[in-house]
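All remarks here apply to the structure that follows.
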Amino acid sequence: MPRAETPPAGRAPRVAFVTVSYGSGNALGPFLSSLRRFHSPEHPVVVVDNKPDHESAEALAAQYGARYVPLPENPGYGAGMNAGVRALEEGGERDCDAYFFCNPDVTFTQETATALAAAMLSQPGVGSIGPRLFNDDGTVYPSARNIPSVGTGVGHALLGRVWRGNPWTRAYQDAANYDSARSAGSLSGAAVMVRADVYREIGGWDEAYFMHFEDIDLGFRIGLAGYENRYDPSVSVVHSGAHSTKKHAEAVERAMTDSAVRFMGKRYPGPLRAPIRWAITLGLRARGALKLASIRRSSARDRPSRSHSGGPNYT
1 MPRAETPPAG RAPRVAFVTV SYGSGNALGP FLSSLRRFHS PEHPVVVVDN
51 KPDHESAEAL AAQYGARYVP LPENPGYGAG MNAGVRALEE GGERDCDAYF
101 FCNPDVTFTQ ETATALAAAM LSQPGVGSIG PRLFNDDGTV YPSARNIPSV
151 GTGVGHALLG RVWRGNPWTR AYQDAANYDS ARSAGSLSGA AVMVRADVYR
201 EIGGWDEAYF MHFEDIDLGF RIGLAGYENR YDPSVSVVHS GAHSTKKHAE
251 AVERAMTDSA VRFMGKRYPG PLRAPIRWAI TLGLRARGAL KLASIRRSSA
301 RDRPSRSHSG GPNYT
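All residue numbers for the sequence shown refer to UniProt numbering, where the first residue is 1 and numbers rise by one.
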């Protein structure tokens, strides 16, 4: 197993926060407020805005001493995270030990960055670490998952929303194992810390994913590089959910299907596994088509009559 570099003895870990906003002003304020409440100003913070400057993200970043990086073309979540790291490096922040990648709909209830970094950096074989994530209702979000396989991935995709307790979803989410520290196949991108040197070694986030599966891919590649993805429930944050995607259900569903197909292609590479990839792709495309049809039926029921409609509104 490779051994990542550790910071000099006696020096506190230097952790930078990176978040990506897309019309996330309502969530971004509580995120930055709670971050600064529990973490010193010495921790650099970058807000990458994939929808500039919707809902005053720039003003919120300035209010809390964060660097603001607008990306008008919206390259996606992983590309946004990479842009945040580049902004840190171009701004002279090249001595970070770790990058803490967070969704803007996360809120902190305790000091998190230093505790996670200390646990990660004390074990040279650990490449990433993630806290316990609580939903708003106090339940645990399954953030430390196994890498999806043919069985668990397809079973979860087909049945995860209609039969939540199905064995494939439980196996994929490792649903019964969130009270103890352990290794994981991947950690949720809602709050995942990656060693800076490991981040550079694997080339950061794969920007070919627009949204969904980029965190699974990140954990998968960290594992392939010989490092551990570590789940640590001694530290926790609250995650309120996909606030910025609910208004764009069809686009999100298409991205989910495309990303799943891309990842399973990585998971089962080579000509000998081509039949597996074809079968997976067929199943995922069929599942995506059924889901899109369901979304459209739901939208048609909820749509106001033509006389009261001013056309689509994506704000």
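Quick reminder that beta carbons are idealized off the backbone N, C-alpha and C, glycines included.
If you're wondering where the values come from, they're calculated on a predicted model, not measured in any experiment.
Straight-line gap, residue i to residue j (C-alpha atoms, nearest Å)
i: D179; j: G204; result: 29 Å
i: V45; j: K51; result: 18 Å
i: A293; j: H239; result: 29 Å
i: F134; j: A144; result: 12 Å
i: R306; j: A300; result: With a pLDDT of only 39 at R306, under the threshold of 50, the placement of this residue in the model should not be trusted, and no figure is reported.
i: Y268; j: Y231; result: 25 Å
i: F100; j: A59; result: 22 Å
i: Y281; j: N146; result: Before going further, note that residue 281 is Thr rather than Tyr in the sequence given. About 20 Å.
i: G311; j: R296; result: Note that G311 scores a pLDDT of 31, beneath 50, so its modelled location is shaky; the value from the coordinates is reported in the next line. Answer to the nearest angstrom: the Cα atoms are 16 Å apart.
i: S128; j: Y227; result: 8 Å
i: A61; j: R67; result: 6 Å
i: M1; j: D53; result: Model confidence at M1 stands at a pLDDT of 49, short of 50, so the residue's coordinates are unreliable; what they give is reported in the following sentence. If I take the Cα positions, the gap works out to 44 Å.
i: P13; j: M264; result: 35 Å
i: E89; j: L116; result: 22 Å
i: T139; j: F31; result: 19 Å
i: H308; j: C102; result: Reliability of the predicted coordinates at H308 is poor, the pLDDT of 33 falling under 50, and the value obtained from them is presented with this limitation in mind. The alpha-carbon atoms of H308 and C102 are separated by roughly 39 Å.
i: G80; j: G189; result: 12 Å
i: T114; j: S259; result: 32 Å
i: E214; j: M193; result: 14 Å
i: Y141; j: V237; result: 10 Å
i: G270; j: W278; result: 12 Å
i: S40; j: Q63; result: 15 Å
i: A98; j: N177; result: 26 Å
i: G241; j: A225; result: 30 Å
i: N82; j: E42; result: 21 Å
i: S298; j: K266; result: 34 Å
i: Q123; j: L35; result: 25 Å
i: C96; j: R132; result: 23 Å
i: I276; j: D136; result: 38 Å
i: residue 321; j: L272; result: Given a span of 1 to 315 for the chain in the structure shown, any question on residue 321 remains unanswerable.
i: T257; j: A274; result: 18 Å
Contact belief for residue i with residue j at Cβ below 8 Å, rounded distance in angstroms
i: V85; j: V15; result: So it is not a contact: roughly 13 Å between Cβ atoms.
i: M120; j: R195; result: 7 Å
i: A184; j: N229; result: 5 Å
i: G219; j: L187; result: 6 Å
i: V48; j: L71; result: 6 Å
i: I216; j: P148; result: 7 Å
i: A57; j: V69; result: That belief does not hold up - the Cβ atoms of A57 and V69 are roughly 10 Å apart, past 8 Å.
i: E55; j: G23; result: 6 Å
Within-8 Å CB hit, residue i to chain B
i: E111; result: No chain B is present in this structure, which holds just one protein chain.
Which residues DSSP lists as bridging residue i, in chain order
i: V20; result: V48
i: I129; result: M193 and R230
i: H54; result: H54 is not bridged to any residue.
i: V261; result: V261 is not bridged to any residue.
i: A144; result: L187
i: V69; result: V48
i: S107; result: Here the sequence assigns Thr to residue 107, which means Ser is not the residue at that position. For T107, which the question treats as bridged, DSSP gives the partners V238.
i: V15; result: A98
i: R267; result: Beta-bridge pairing links R267 to no other residue.
i: R36; result: The partner list for R36 (beta bridge, DSSP) is empty, contrary to what the question assumes.
i: T297; result: The amino acid at residue 297 is misidentified as Thr; the sequence shows Arg. According to DSSP, R297 bridges with nothing at all.
i: R182; result: Y231
i: F210; result: DSSP output for F210 lists no bridge partner at all.
Identity of the residue in the options nearest residue i by Cα
i: F38; options: Y64, M81 and E111; result: E111
i: S234; options: G130, G92, A66 and L187; result: G130
i: D199; options: A279, D136, G78 and R297; result: One point to set straight first is that residue 199 is Tyr, not Asp, in the sequence displayed. Considering only alpha carbons, the answer is G78.
i: S33; options: N82, G65 and I276; result: G65
i: R11; options: S298, Q63 and A118; result: A118
i: R94; options: R273, T257, E55 and D197; result: D197
i: E207; options: H43, V20, P75 and S21; result: P75
i: E73; options: P142, S21 and H43; result: S21
i: A249; options: G92, V126 and M211; result: M211
i: residue 324; options: N177, C96, Y209 and G125; result: With the chain represented from 1 up to 315, any question about residue 324 goes unanswered, as that position is not in the structure.
i: R221; options: T257, V126 and L272; result: V126
| said: Could you check whether the region 106–125 touches the region 25–37, counting it as contact only if at least three pairs of C-beta atoms, one from each stretch, sit closer than 8 Å? | reply: yes
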